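In our numbering, the protein residues as written are 11 to 238.
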């Protein structure tokens, strides 16, 4: 089946599309050039809030990317204390979303939302490492099995000032399910146990709900690679 030519627009986007369109009409009364610019921005707003379908792998143990974007870091860290994860080092995979990426966020694995935590913070550039620690964020801890948890965090950025999360504690969720969005450039971190084999590298682009970033059931070591 061929994918639709135009992706649907997320419901939260329509109010912005309407505002941009009205502004474009008003600007067009002042200047044809400004009107054209306004209509171009309206088109960009439609593009920004697009919500395309994704083909999600569903095999048990796979972890898919929670967001579209660029893998900016894969490091071992101590997770933020508010997550309540086990002590010790965890792998943190950080996905940076620029203003041209799809900003719909998706669940990386089947499981139960064990914890939902909002942390008010600053608005540093989301591509910077310190954004994970200091920026405003919405965190979810997912219980995959009784002895296994992962966490993923929506992080506001320099331009992004609005995080939307549509799931609640104790809710059962599925891999690839839409659960929220971040407006106008942002970052999503995912925390995995230290021993989890990771199958992406820094500098790689990923597709939310579709790209496999790790596999709990794999016997391979974490993937290595280079940008060429």
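In this text, a Cβ means the ideal position worked out from N, Cα and C, and glycines have one as well.
Nothing here was measured: the structure is a model prediction, and the numbers come from that model.
Which one of 165, 124, 108 has the shortest CA to CA distance from residue 131?
When only C-alpha atoms are compared, the closest one is 165.
With a threshold of 16 other CB atoms inside 10 Å of the CB of residue 77, please say whether the residue is buried or exposed.
Counting Cβ neighbours within 10 Å, residue 77 comes out buried, since at least 16 surround it.
Could you tell me the distance, in whole angstroms, from the CA atom of residue 62 to the CA atom of residue 189?
Distance between the alpha carbons of residue 62 and residue 189: 14 Å.
Shortest alpha-carbon distance to residue 86 belongs to which of 176, 99, 42?
Per the Cα distances, 99.
Do residue 126 and residue 92 count as a contact pair if the criterion is CB distance below 8 Å?
Contact flag unset, no.
Have a look at residue 226 and residue 158 and give me their C-alpha separation to the nearest angstrom.
Their backbone Cα atoms lie some 10 Å apart in a straight line.
For residue 101, does the count of other Cβ atoms within 10 angstroms reach 16, so buried, or fall short, so exposed?
Under this definition residue 101 is a buried residue.
Got a sec? Which residues, its chain only, sit under 7 Å from residue 224 by beta carbon, not counting five neighbours each side?
73, 202, 206, 207, 208, 209.
Comparing C-alpha positions only, which one of 182, 119, 175 sits nearest to residue 128?
Residue 175 is the option with its Cα nearest to residue 128.
Straight-line CA distance for residue 177 to residue 42?
Answer to the nearest angstrom: the Cα atoms are 44 Å apart.
Measure the alpha-carbon distance for residue 83 versus residue 28 and round it to whole angstroms.
For residue 83 and residue 28, the distance between alpha carbons rounds to 37 Å.
Whether or not the stretch 56-70 and the stretch 106-126 are in contact is what I'm after, with contact meaning three or more pairs of Cβ atoms, one per stretch, closer than 8 Å; do they touch?
Contact holds: three or more Cβ-Cβ distances are below 8 Å.
If you drop the 5 nearest sequence neighbours on each side, which residues of the same chain put their C-beta closer than 6 Å to that of residue 163?
For residue 163, where only same-chain residues beyond five positions count, the Cβ hits under 6 Å are 147, 149, 199.
What number of angstroms, rounded off, separates the C-alpha of residue 145 from the C-alpha of residue 45?
Taking the straight line joining both Cα atoms gives about 36 Å.
Classify residue 221 as buried or exposed, calling it buried when 16 or more other Cβ atoms lie within 10 Å of its own Cβ.
The residue in question, residue 221, is buried, as its Cβ has 16 or more Cβ neighbours within 10 Å.
Alpha carbon to alpha carbon, how far is residue 97 from residue 88? Give it in angstroms, no decimals.
C-alpha separation (whole angstroms): 8 Å.
Going by DSSP in three states, residue 101 sits in which element: helix, strand or coil?
Residue 101: strand per DSSP, three-state reduction.
Less than 8 Å between the beta carbons of residue 186 and residue 211, yes or no?
Contact flag unset, no.
Over the uninterrupted beta strand (DSSP E) stretch that includes residue 115, give me the two end residues.
114-116 is the extent of the beta strand (DSSP E) around residue 115.
Suppose contacts are defined by Cβ-Cβ distances below 8 Å. Is residue 152 in contact with residue 123 by that definition?
In contact: residue 152 and residue 123 (Cβ atoms closer than 8 Å).
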